[in-house]
Structure formats: structure tokens, C-alpha cells
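Protein chains in written order, with my numbering: chain A, 1 to 212; chain B, 1001 to 1212. Just so you know, even glycine gets a beta-carbon here, dropped at the ideal spot from N, CA and C. Input: a single structure, listed below in C-alpha cells.
2 protein chains.
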Amino acid sequence: MGYNWQKDTRLEIIVHADTMIRKKGFNAFSYSDISTIMDIRNAAIHYYFPTKSSLGRAVMQEEMLRLTSFRRRHALAAIGGEDQLKHLVAAFYYNARAHAICLMGALTPEFATFDEEMQATVRRLCTAIQEWVADCLEEARTAGKLRFEGSAEDRAALVISALLASLLLSRIEGTELFERMLDRMLEDLGADWRVRQLEKPEPGTHIYYSFT
Amino acid sequence: MGYNWQKDTRLEIIVHADTMIRKKGFNAFSYSDISTIMDIRNAAIHYYFPTKSSLGRAVMQEEMLRLTSFRRRHALAAIGGEDQLKHLVAAFYYNARAHAICLMGALTPEFATFDEEMQATVRRLCTAIQEWVADCLEEARTAGKLRFEGSAEDRAALVISALLASLLLSRIEGTELFERMLDRMLEDLGADWRVRQLEKPEPGTHIYYSFT
DNA sequence: GTCTATATTCCGATAGAC
DNA sequence: GTCTATCGGAATATAGAC
């Protein structure tokens, strides 16, 4: 997994903050939400993260690290874009079943309320994810695994939109919506696989299930 | 227009609340945001809306009224589904240029923080919009104006996803992203029109530009 | 590193005058 | 219907002991 879970308070705070952001939103979650779960005081969180903005940025930087690590590992193993996309969809499917939304879906609506440093970090995270998905799509199209019209960048934006919004909507209307939406999109892309065929880890067994 | 703008304090509060929800999110905006703009006291808002939840529900009910009114008028005038979708895309294009996001994109991420009454209202609003877009798509497909595979309901969810997410992302990355994403989707649908050809009211001239 | 204690600010909400 | 005044609570953040 790459993480040292035993007694890494800083990382544990980040993990819980990540969870709370995806559950309640950045502005709605509080230091108490985290300190209660971890059975520490709010002041201990401030020791690691002097401001809430610094905590938010740390959550995003951790996600960036996971993405970078994911890309490096899969590039070295020569794993194609389509298989990487399978992992992405599987991760979102897991989140849909856990009633969790993604970081982009949680943070971009509140963008206007963030300070400049956090806004810049949000922008970097969004760009990195879009670039990754675009690269995967382009590679998969060249390899004949997927088929679509237009630039890979525009298509990536549409794929990400479907993933992001499906989490927002399936939390309200049920996981079946996620399956129908994504299967529809996969068929459009000419993929020979469907959502239900992907590995489905049980919700609750992992805190992190995004890129790792 | 259908609204009496002069001295309808209740409605004016709703309009500003709508704007603030789309700008900062429901949890991040405060009674002071509205009372300052209107130059009244917070207590005056509490007279019309005893709780914040009641204000949030009023904002959504107003949007529901606009949608219902829109559908009735366009049905009576025998305006086809494709033309109704043109209006929807134009409204979102306007919002993208005004750096505003839509109600669904603003409210669904915070869904878990709402009380039961507000959650139910969010659910109703999402369902009504999805039904409308699905009906438009089905009618347009039957009329030979648009072409797509699968059920109109699933396709509507994908269309709404693209619209919703394009507002979230174009506020961060620029309006060009909205144009590229939506034009890409319109071409997929076999539409003979593009975003830039739609009527583009100048930002700031209307507070409401959704369904009316 | 984590604690107690507290400063400060802001929020939603209510009471009661006018 | 709108105001002033205020309550009770919660939030972020800081100071200083251990």
C-alpha cells in the first residue's frame, strides 16, 4: 500500500479530513469531526496543520502523490490506458457503493470560498487528473481498445463529468444509476467491459481506494 | 417573466439565497450575506424563513415552479424537445460565463449535511430535471433531430452530468472548456447546432436565467 | 507532541419593541 | 413587517503547561 499506518498521526488526520470532505464538504466539516474520531484534541490537529486551508491542501497533495505514484507504477509495468481506466471506474464504483463522492466533486463547488493557495491546489489537482485520463484515452484509442470522436482532452472532460456527477446523483437515487450511466458511456466508447464485471471491494474495508 | 420584482421582499430573499448557494454553497453562505446586500436585518429574513432549511427549500421550490411553468408553456406552444434543450444549454452557457454553477451541482455535494425535509426536496428537484431532459431527448430522437443509443433516461443523466460538471470545471479553467465539452457532446448527439450559435445574454443583466 | 484553557469571531435563531 | 438586542452554540485559532 505504501503507507505506514501505525502511529502516523499527521497522515491519519489527512485520511479523516479526506473522508469528511467527501462526506460533508470542506466548509461543513470541523476539526471536532476529526478530533472526536481520533480521540485527540483540536489543538493537536493545529500542531500539524496551522490553518484549515493547510489541511485541505495536504489532502489534495496526498491525492496528487497517489496519482503520480499510480502513473509511474503503471507506466513501468507497461499497463495500457484502458486498464488504467478500468481501475478508475472500479474506484468510483467502490465510492458509489460507499455513498462517497470524489474530491473534485466535493471541492469544485466550494471553489469560490477558498483562499488563493487552496484554489491554486484545486486547479493543479483537476489539471493532473484531466491530463491522466486524456493520456489513457488517447493510448487506448491508438491501441484500438476504445473508440471515440474528437480530442482526447475534450473526451476526458466528458468522462470525468460522468464519473463525478454519477457519484453525486447515485448517492441520492441509488447505486443502480451509477451502473446504468457508466455502462451507457462504456458502450459509447466501444469498451468490451462493463461496470459490474469490475472488481468490487466491499465498502468499509479500505479507507483509501482511489489510485493505489 | 412572471415575477413581480417591485417590493416582494420574500422573493428577493429567495433570489439572493439562490445566488449565494450557487456562489458559495448552502453551508457556506449566511443570513448576513443576504441582509447586507438587501440592507435589512437578519431578523427580517427569519420572519419569512424561520430556519435555513426552509429558505433552502423555498429556493428549490421556486426553481421547480420555473421548470413546471417552462414545460407547460413550451408544451402548449408545441415547441419540440430539441429546442427546449437548446434553451437549457444556452442557460448553462450563460451561467458558465457568469462563473455561476447550477443548483444541482451546488446542492448535491452537501446532501449529507441537510435535514430530511431538504434532502427530500433535493431529490424531487433532481428527479424533475432528469425527467424533463429525458422527455426532451426522447422526443428529439423520435423527431429525427438527435441520435443516440440506449434509454433516454440514461442519456439524460449523461447530458446533465456534462452540463453540471462543465460549470464546475469552467469556473476553474475558463469558459472555453464549457464550449469544447458541450460542442463535443452535441456532435455526438448528431445535433446541427453548437454552443456559440446560441443566444448569449450578457452576464449580469439577469439574476435568473434558468428556465424562464 | 499532546494537552488544557481560552480568545475571537461568527452563526442561526428568538424575544419583544415599534 | 422590520427593527434592536441578545442568546446559545460552534467554529477556527492561539498561548502556554507538561
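For Asp-115 (chain A), no CB of chain B lies under 8 Å from its own CB, so it is not counted at the interface with that chain.
Cα atoms of Ala-1078 (chain B) and Glu-1187 (chain B): separation of roughly 25 Å, rounded to the nearest angstrom.
In the DSSP annotation of this structure, the continuous segment of the alpha helix (DSSP H) that includes Ile-21 (chain A) starts and ends at 9 to 24. Distance from the CA atom of Ile-21 (chain A) to the CA atom of Leu-103 (chain A), rounded to whole angstroms, is 7 Å. Under the Cβ distance rule, Glu-12 (chain A) does not count among the residues neighbouring chain B, no pair being separated by less than 8 Å. The stretch 1060 to 1076 of chain B makes no contact with the stretch 1039 to 1052 of chain B: fewer than 3 CB pairs, one atom from each, lie closer than 8 Å. Identification of residues in the stretch 154 to 179 of chain A having a C-beta nearer than 8 Å to some C-beta of chain B yields Asp-154, Arg-155, Ala-157, Leu-158, Ile-160, Ser-161, Ala-162, Leu-164, Ala-165, Ser-166, Leu-168, Leu-169, Arg-171, Ile-172, Glu-173 and Leu-177, given in sequence order. For Thr-1113 (chain B) against Gly-25 (chain A), the beta-carbon gap comes to about 7 Å, under 8 Å, which counts as contact. DSSP, reduced to helix, strand and coil, places Pro-1109 (chain B) within a helical segment of the structure shown.
Taking the CA atoms as reference points, Phe-178 (chain A) sits about 30 Å from Phe-1029 (chain B). Contact annotation: in the stretch 1098 to 1131 of chain B, residues whose CB is within less than 7 Å of a CB in chain A are Ile-1101, Gly-1105, Ala-1106, Thr-1108, Pro-1109, Glu-1110, Phe-1111, Ala-1112, Thr-1113, Val-1122, Arg-1123 and Cys-1126. Interface residue (Cβ-Cβ distance to chain A less than 8 Å): Ala-1028 (chain B) is classified as such. Rounded to whole angstroms, Met-1181 (chain B) and Lys-145 (chain A) show a C-alpha spacing of 22 Å. Between the beta-carbon of Ala-1090 (chain B) and that of Thr-1175 (chain B) there is about 14 Å, and that puts the pair past the 8 Å contact cut. Residues of the same chain with a CB within less than 6 Å of the CB of Phe-1092 (chain B), apart from the 5 flanking positions on each side, are Leu-1163 in chain order. Check the Cα spacing between Ala-1157 (chain B) and each of B:Thr-1127, B:Glu-1012, B:Met-1118 and B:Asp-1008: the tightest is with B:Thr-1127. Every alpha helix (DSSP H) of 4 residues or more that sits fully in the stretch 43 to 88 of chain A is shown, in chain order, as 52 to 76. If you look at Leu-1177 (chain B), you'll find it in the alpha helix (DSSP H) that goes 1175 to 1188. In terms of Cα proximity to Ala-1098 (chain B), the closest of B:Ser-1035, B:Leu-1168, B:Tyr-1048 and B:Ile-1160 is B:Leu-1168. No Cβ-Cβ contact shorter than 8 Å links Ala-1134 (chain B) with Leu-1085 (chain B). Counting of Cβ neighbours within 10 angstroms places Ala-1120 (chain B) among the exposed residues, the total staying below 16. Within the same chain, Arg-1194 and Val-1195 come within 7 Å of Asp-1183 (chain B) by CB-CB distance, once the 5 residues on both sides are set aside. Here Ile-1037 (chain B) carries a helix assignment [DSSP, helix/strand/coil]. Annotation for Glu-149 (chain A): no alpha helix (DSSP H) segment contains it, and DSSP assigns it neither H nor E.
Between Gly-1105 (chain B) and Pro-109 (chain A), the C-beta spacing is below 8 Å.
Only those residues of the stretch 37 to 53 of chain A whose C-beta falls short of 9 Å from the nearest C-beta of chain B would be listed, and there are none. Distance between Arg-1123 (chain B) and Ser-1053 (chain B), taken at the CA atoms: about 15 Å. Close to Met-185 (chain A), with beta-carbon spacing below 7 Å, are these residues of chain B in chain order: Leu-1158. Taking 8 Å as the CB threshold, Lys-200 (chain A) stays off the interface with chain B. Per DSSP, the unbroken alpha helix (DSSP H) holding Val-1133 (chain B) starts and ends at 1116 to 1142. Look at Arg-1194 (chain B) here: in three-state DSSP terms it is coil, with no helix or strand label.
About 7 Å separates the beta carbon of Ser-1161 (chain B) from that of Ser-166 (chain A), a gap short enough to meet the 8 Å contact definition. Taking 8 Å as the CB threshold, Lys-145 (chain A) stays off the interface with chain B.
For Gly-150 (chain A), a Cβ of chain B is located within less than 8 Å of the residue's own Cβ.
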